[in-house]
Amino acid sequence: MPTVLITGANRGIGLEFARQYAAEGWDVIATARRSSDELDGLGVRVESLDLADANGVADFPNKIDGPIDLFIANAGTSHPKDTEGADNARDWQAMMMVNAIAPYQLGQALLPKMADAGKMIAISSGMGSIGDTGGGWVPYRTSKAALNMAWSNLALEAKSRGIACVLFSPGWVKTRMGGSGAEITAEQSVSDMRSTIDRLTIDDTGRFLRRNGSDIPW
Numbered sequence: 000m001p002t003v004l005i006t007g008a009n010r011g012i013g014l015e016f017a018r019q020y021a022a023e024g025w026d027v028i029a030t031a032r033r034s035s036d037e038l039d040g041l042g043v044r045v046e047s048l049d050l051a052d053a054n055g056v057a058d059f060p061n062k063i064d065g066p067i068d069l070f071i072a073n074a075g076t077s078h079p080k081d082t083e084g085a086d087n088a089r090d091w092q093a094m095m096m097v098n099a100i101a102p103y104q105l106g107q108a109l110l111p112k113m114a115d116a117g118k119m120i121a122i123s124s125g126m127g128s129i130g131d132t133g134g135g136w137v138p139y140r141t142s143k144a145a146l147n148m149a150w151s152n153l154a155l156e157a158k159s160r161g162i163a164c165v166l167f168s169p170g171w172v173k174t175r176m177g178g179s180g181a182e183i184t185a186e187q188s189v190s191d192m193r194s195t196i197d198r199l200t201i202d203d204t205g206r207f208l209r210r211n212g213s214d215i216p217w
């Protein structure tokens, strides 16, 4: 069976990816800072990983033998929302590690472990679009814009190996981060993204997509 590696899989979108792929018989490797009852109940392989821990990120690929058919860099944080003061500045630095630096470092280190014609997906956000910004949420927007740039460069590195690297905006999803007033459920968002992921080819590498496969302006 194919293997998928998902970061941030203890809740929300990551948990839903793990649930849906496990239900279809995939071998699922799920990472989280702390597991959850829901994740443990799926019967998948759970590995501890804190993306804020640079040493842990550097060491993690040694735990993975491969081949990996699909890597989903999902883990992320939306804190802080404000920019003023030293505490927010420090939290903003940590956000850049979790949302942009660590996903790229993991993706780059996992390239040799990817299966032929494998796919690497980063969960970004429409809020990371410079061409379509509505203002506000500056730390989060900058971290996702940085992720977009890093993943685009990963796509250049991976293309010669036949590995497609694509960025997704999952939409405004009813999760702890998205809130109860969001537009769609995690189940709907993940189901839509999975359908689009199934259709991806190497010709799609480097694209920034909505969950339905339409392009988002950079």
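According to numbering that gives the first Met the number 0, the sequence shown holds residues 0 to 217 in order. For each residue, glycine too, the CB sits at the ideal point set by N, CA and C.
In the assembly as shown, P216 is an exposed residue. Its beta-carbon has fewer than 16 other beta-carbons within 10 Å.
The shortest C-alpha to C-alpha distance from G40 to any of D49, N54, A51 and A22 is the one to A22.
Taking the Cα of R10 as reference, the smallest distance to any Cα among N147, T76 and D90 is reached at T76.
Scanning its chain for C-beta atoms nearer than 7 Å, with the 5 sequence neighbours on each side dropped, one finds around L146 the residues N98, A99, P102, A121, S123 and G127, in chain order. Taking the CA atoms as reference points, M0 sits about 10 Å from D68. Across the structure, A93 and K112 are spaced so that their CA atoms are roughly 27 Å apart. For the pair A157 and L4, the Cα-to-Cα distance works out to about 17 Å.
Judged by DSSP in its simplified three-state form, E46 adopts strand. The beta carbon of R32 is closer than 6 Å to those of D49 in its chain, skipping five residues each way along the sequence.
Looking at the DSSP output, A29 bridges to I5 and V45. Uninterrupted alpha helix (DSSP H) stretches at least 4 residues long and entirely within the stretch 57-99 occur at 84-95, given in chain order.
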